[in-house]
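The structure appears right after this line, and notes come after that.
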Amino acid sequence: MTLKDLISEEDLAALQRELHDRFGLNADITDGEGHRLLGNTWGNDLCRAIRNDEKGFGAICATAGQMFTRLMQKGEPFVEYCDAGMVRVSVPVVVKGEVVGAVGGCGLVPADEEVDAFTIGMMSSLDEAAIAERVKTVHAADEARLAEIQAFITKRLEALLT
């Protein structure tokens, strides 16, 4: 069983767009192995630049994706950091004890912290000025906002799965 067996692709795409528009996330929907089902939405210019940079993608995005997939496999909602200092919010979809996918997104910075521009510079080919300019496009979210995102995802999934 896959997530697309349970929720139509149209409904999944609408949910992904809603997460992007409402919360400023790099929203995504993944299968049970952590592979994106519907491509990317970009909530900020920094993540897009990191992902488009071969060195940055390998050092930041790919390793974060592996960690997030392992966390997703536990079947519990989570908020976790990437090496760039931003967070991923995720709600796994569990059916009969099996993780069949997850809904969430990344690219927000915790309200009381900053994007780790130094680490991004060390782990990518992006120059300091490019990073500084793109950091301005990253949205902040406090703990209440992150909890709101998870609650929103959970509620929408419940509605789509019934």
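Going by the UniProt record's numbering, 109 is the number at position 109 of the sequence shown; the sequence numbering is gapless.
C-beta: ideal position from N, C-alpha, C; glycine also.
The model shown is predicted, which means the values in this text are computed figures rather than measured ones.
- Of the residues 37, 94, 154 and 54, the one whose Cα lies closest to the Cα of residue 121 is 54.
- Counting along the chain, the unbroken alpha helix (DSSP H) around residue 18 starts and ends at 9 to 23.
- Restricting attention to alpha helix (DSSP H) runs no shorter than 4 residues, the UniProt domain "PocR" (5 to 155) encloses them at 9 to 23, 45 to 52, 62 to 73, 117 to 123 and 128 to 135, ordered along the chain.
- The C-beta distance from residue 99 to residue 67 rounds to 15 Å, too long to fall under 8 Å, and the pair is not in contact.
- Using a Cβ distance threshold of 9 Å, residue 93 and residue 6 count as a contacting pair.
- Taking 8 Å as the upper bound for CB-CB distance, residue 56 and residue 123 are in contact here, some 6 Å apart.
- With respect to residue 89, residue 81 sits apart: the two C-beta atoms are not nearer than 9 Å.
- Excluding the 5 residues flanking it on each side, residue 128 has same chain C-beta neighbours closer than 7 Å at 121, in chain order.
- Sorting 31, 126, 95 and 149 by C-alpha distance to the C-alpha of residue 51 places 126 at the top.
- Of all alpha-carbon atoms in 15, 45, 154 and 12, the one lying nearest the alpha-carbon of residue 135 is that of 45.
- Separation of the CB atoms of residue 149 and residue 101 is rounded to 17 Å, and the pair is thereby denied contact status at 8 Å.
- A Cβ-Cβ distance of about 17 Å is found for the pair residue 105 and residue 160, leaving them out of contact under the 8 Å criterion.
- Between residue 97 and residue 138, the C-beta gap is not smaller than 9 Å, which leaves the two residues out of contact.
- Comparing alpha carbon positions, the residue from 143, 47 and 154 closest to residue 84 is 47.
- The alpha carbon of residue 11 has as its nearest neighbour, out of 146, 133, 91 and 37, the alpha carbon of 37.
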